[in-house]
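K.L.:
Heads up: the protein sequence lines correspond to chains A and B, in order.
The opening residue of the first sequence carries number 90 in my numbering; numbering runs sequentially from there.
The opening residue of the second sequence carries number 90 in my numbering; numbering runs sequentially from there.
Here it is: the structure, laid out below.
Protein chains: 2
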Amino acid sequence: MVQITDTFKALGDPTRVQILSLLAHEDMTIGQVVDQFDMTRAGVKKHMNLLQKGGLIRVRANGRERINSLNPEGFKTVSEWVRYYDQFWDDKLNALKNLIESETSNDKQ
Amino acid sequence: MVQITDTFKALGDPTRVQILSLLAHEDMTIGQVVDQFDMTRAGVKKHMNLLQKGGLIRVRANGRERINSLNPEGFKTVSEWVRYYDQFWDDKLNALKNLIESETSNDKQ
DNA sequence: TCCATATGAAACCAAAAGGTATCTCTTATA
DNA sequence: TATAAGAGATACCTTTTGGTTTCATATGGA
Chain A
90 MVQITDTFKA
100 LGDPTRVQIL
110 SLLAHEDMTI
120 GQVVDQFDMT
130 RAGVKKHMNL
140 LQKGGLIRVR
150 ANGRERINSL
160 NPEGFKTVSE
170 WVRYYDQFWD
180 DKLNALKNLI
190 ESETSNDKQ
Chain B
90 MVQITDTFKA
100 LGDPTRVQIL
110 SLLAHEDMTI
120 GQVVDQFDMT
130 RAGVKKHMNL
140 LQKGGLIRVR
150 ANGRERINSL
160 NPEGFKTVSE
170 WVRYYDQFWD
180 DKLNALKNLI
190 ESETSNDKQ
């Protein structure tokens, strides 16, 4: 099971966000990702592991290759989490609106 | 200026996510937050600093008190970031749909 | 079969992060 | 005007993280 903090932790690093942006254009093997960075294969692999743990990418095998692609699940999790707080702002604004309206009606008394 | 990775980094820790959930119910001073955790004041303060750096909370002064509240900006940033990838999925699904349709029309030839 | 290539994993290191103890500063209030 | 309460900052310690080097495994092709 993916923890929400694992997803956010995976997103909390510039290199990993860049990798996601690469994968948004095309699926890639680790080798292809390595070509885009000044970093060791093993270093990139660690980032990929964290992205996978966060549910943001998935891997399919093709012979001796491992092809990495974006995983909708992780993004959906983030989207839903942030939507909870959107609701929070809506409620707060409504409460403020109601308060103002009731004060206005008090003025009329 | 707030970097998106600072926002995600701030969200990548269970304690900080809990603090946000507390602040969603009511604004709090650090002292009030400390009462909810088995942690030093200085420890909580560090978390608050990171949340502020990520644009997720803001602080207003009231006498000797500092009152912390949620900051819409940070949440908006996350929401917009994830929306970019929503668009990505939509495009991908449309491409798939177009592919299927063109193959179907080929069959008719 | 032999070798080049794509991969995974472990050991190791320096830097960053989570946390505490301690000190200083400011502001209510007795 | 003392003094207690709320806050911030620094030094310090331990754990985690970002990164490399190195070794082992699997697969495609000459």
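Every residue gets a Cβ at the ideal spot worked out from N, C-alpha and C, and that includes glycine.
(1) In whole angstroms, give me the CA-to-CA distance for I119(A) and K135(A).
(2) Where does N160(A) sit, in a helix, a strand or coil, going by DSSP?
(3) At a cut of 8 Å, does the segment 131-145 of chain B reach the segment 94-104 of chain B through at least three beta carbon pairs?
(4) Using the C-alpha atoms, what's the distance from N187(B) back to K197(B)?
(5) Quick check on this structure: which residue in V123(B), R172(B) and T104(B) has the alpha carbon closest to the alpha carbon of P161(A)?
(6) Across which residues does DSSP place R149(A) in a beta bridge pair?
(7) Which residue or residues does DSSP assign as beta-bridge partners of M117(B)?
(8) To which residues of the same chain is D148(A) closer than 6 Å at the C-beta, ignoring the five residues directly before and after it?
(9) Taking all protein chains shown into account, decide if G163(B) is buried (16 or more other Cβ within 10 angstroms of its Cβ) or exposed.
(10) Please list, in chain order, the chain B residues whose beta carbon lies closer than 7 Å to that of G132(A).
(11) For the putative contact between I93(B) and T166(B), defined by C-beta atoms under 8 Å, what is the C-beta separation to the nearest angstrom?
(12) For D102(A), which three-state DSSP category applies?
(13) In terms of residue numbering, what span does the alpha helix (DSSP H) encompassing Q141(A) cover?
(14) Identify the contact partners of K98(B) in chain A, using a Cβ-Cβ distance below 7 Å as the criterion.
(15) Determine the closest residue to V91(B) out of N138(B), N183(B), V106(B) and D124(B), with distance taken between C-alpha atoms.
P.N.:
Put simply:
(1) 11 Å
(2) coil
(3) yes
(4) For K197(B), the pLDDT reaches just 49, beneath the cut-off of 50, and the residue's location in the model is therefore unreliable, leaving the point undetermined.
(5) R172(B)
(6) I156(A)
(7) N157(B)
(8) Note that residue 148(A) is Val in the sequence shown, not Asp. Contacts found: R155 and N157.
(9) buried
(10) Neighbours of G132(A) on chain B: none; closest Cβ ~17 Å, over 7 Å.
(11) 6 Å
(12) coil
(13) R130 to K142
(14) G101
(15) N138(B)
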